[in-house]
Amino acid sequence: LVSGVADMRDAASSASPGQMMSMALETMYQGLSFSHAIAFLRNRREKQYIAKMGFGDGVSELIPKLRFADAYEPNVFHAALNSDRVIFIENARDPKFAAKLPNWWLSTLSDGRSFVILPLCANGQPAGFIYGAWDDSFPAIQLSQNEFAQMNDLRALVVRSVERRHQLDAAASKVT
Numbered sequence: 067l068v069s070g071v072a073d074m075r076d077a078a079s080s081a082s083p084g085q086m087m088s089m090a091l092e093t094m095y096q097g098l099s100f101s102h103a104i105a106f107l108r109n110r111r112e113k114q115y116i117a118k119m120g121f122g123d124g125v126s127e128l129i130p131k132l133r134f135a136d137a138y139e140p141n142v143f144h145a146a147l148n149s150d151r152v153i154f155i156e157n158a159r160d161p162k163f164a165a166k167l168p169n170w171w172l173s174t175l176s177d178g179r180s181f182v183i184l185p186l187c188a189n190g191q192p193a194g195f196i197y198g199a200w201d202d203s204f205p206a207i208q209l210s211q212n213e214f215a216q217m218n219d220l221r222a223l224v225v226r227s228v229e230r231r232h233q234l235d236a237a238a239s240k241v242t
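Residue numbers for the sequence shown, in the working numbering: 67 to 242.
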């Protein structure tokens, strides 16, 4: 995780937001030993969050099914996006937690016992998120403060690249 974030810092000045997202996804997948890691981007025209890339067994078959409305719903994903804070769910199968899980997750990703949602908010607006999960083949997960700090650094690097891209696009549209 630490070396992946360092690599991202080195690439930050020249990498596109898509390249930064790809690096972040791979860094988290390998650095935290996720079973699955998936990047979702917000499509404002379609008013949806749509999975764009991922790592892990069976992810390529899942990606076309992973989309949900961007309109607020009282679930853990919208909570993460609205608070702009990393959320770690230690036991997604806890019956007390079931009401906070959306139907799209239950029908596609419910093999994840523990998961992390890393929201990506640019200019105060949700732009997407990274989802990473551990299935039953992993022992109970406990994340350290250092791991949370690394995830927040990684998140900040991706968001800065998106904001830099927005600034460049805005400057280019003023020129034309």
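Just so it is clear, CB atoms sit at the ideal spot from N, CA and C, and this is done for glycine as well.
Tell me the rounded alpha-carbon separation between residue i and residue j.
{"i": "ALA55", "j": "TRP171", "result": "Given a span of 67 to 242 for the chain in the structure shown, any question on residue 55 remains unanswerable."}
{"i": "PHE100", "j": "LYS240", "result": "43 angstroms"}
{"i": "ILE116", "j": "ILE196", "result": "11 angstroms"}
{"i": "GLY198", "j": "MET94", "result": "8 angstroms"}
{"i": "ASP150", "j": "PHE143", "result": "10 angstroms"}
{"i": "ALA81", "j": "HIS102", "result": "24 angstroms"}
{"i": "LEU67", "j": "MET89", "result": "11 angstroms"}
{"i": "SER210", "j": "ALA145", "result": "22 angstroms"}
{"i": "ASN148", "j": "PRO192", "result": "7 angstroms"}
{"i": "GLY84", "j": "GLU213", "result": "23 angstroms"}
{"i": "ARG133", "j": "PHE204", "result": "26 angstroms"}
{"i": "ASP73", "j": "TRP200", "result": "24 angstroms"}
{"i": "LEU98", "j": "ALA237", "result": "38 angstroms"}
{"i": "LYS131", "j": "GLY70", "result": "29 angstroms"}
{"i": "ARG159", "j": "ASN141", "result": "14 angstroms"}
{"i": "ALA77", "j": "MET86", "result": "8 angstroms"}
Could you spell out where the beta strand (DSSP E) holding residue i opens and where it closes?
{"i": "ASN109", "result": "102-109"}
Out of the options, which one is the CA nearest neighbour of residue i?
{"i": "ASN157", "options": "VAL182, PHE143 and ARG231", "result": "VAL182"}
{"i": "HIS232", "options": "SER210, GLY198, ASN212 and ASN189", "result": "ASN189"}
{"i": "THR174", "options": "LYS162, ARG108, MET119 and LEU128", "result": "LEU128"}
{"i": "GLY194", "options": "TRP200, ASP201 and LEU186", "result": "LEU186"}
{"i": "PRO168", "options": "ILE104, ALA135 and ALA105", "result": "ALA135"}
{"i": "ALA206", "options": "GLY178, VAL224, LEU184 and SER227", "result": "GLY178"}
{"i": "VAL225", "options": "PHE204, LEU107, LYS131 and SER180", "result": "LEU107"}
{"i": "TYR138", "options": "PHE214, ILE155, LYS113 and SER180", "result": "LYS113"}
{"i": "SER79", "options": "ALA236, VAL228 and ASP235", "result": "VAL228"}
Along the chain, where does the alpha helix (DSSP H) containing residue i start, and where does it finish?
{"i": "TYR243", "result": "Nothing about residue 243 can be reported from this structure: the residues present for the chain run from 67 to 242 only."}
{"i": "ALA77", "result": "68-77"}
Quick check for students: name the residue ranges of the alpha helix (DSSP H) that lie wholly in the region 164-188, counting only runs of 4 or more. 169-174
Within the region 189-229, ranges of the beta strand (DSSP E) (whole runs, at least 3 residues): 191-200
Using 8 angstroms as the Cβ pair cut-off and three pairs as the minimum, do the region 217-227 and the region 113-129 touch? no
In the region 108-157, which residue ranges form an unbroken beta strand (DSSP E) of at least 3 residues, counting only runs that do not cross its ends? 114-121, 133-135 and 153-155
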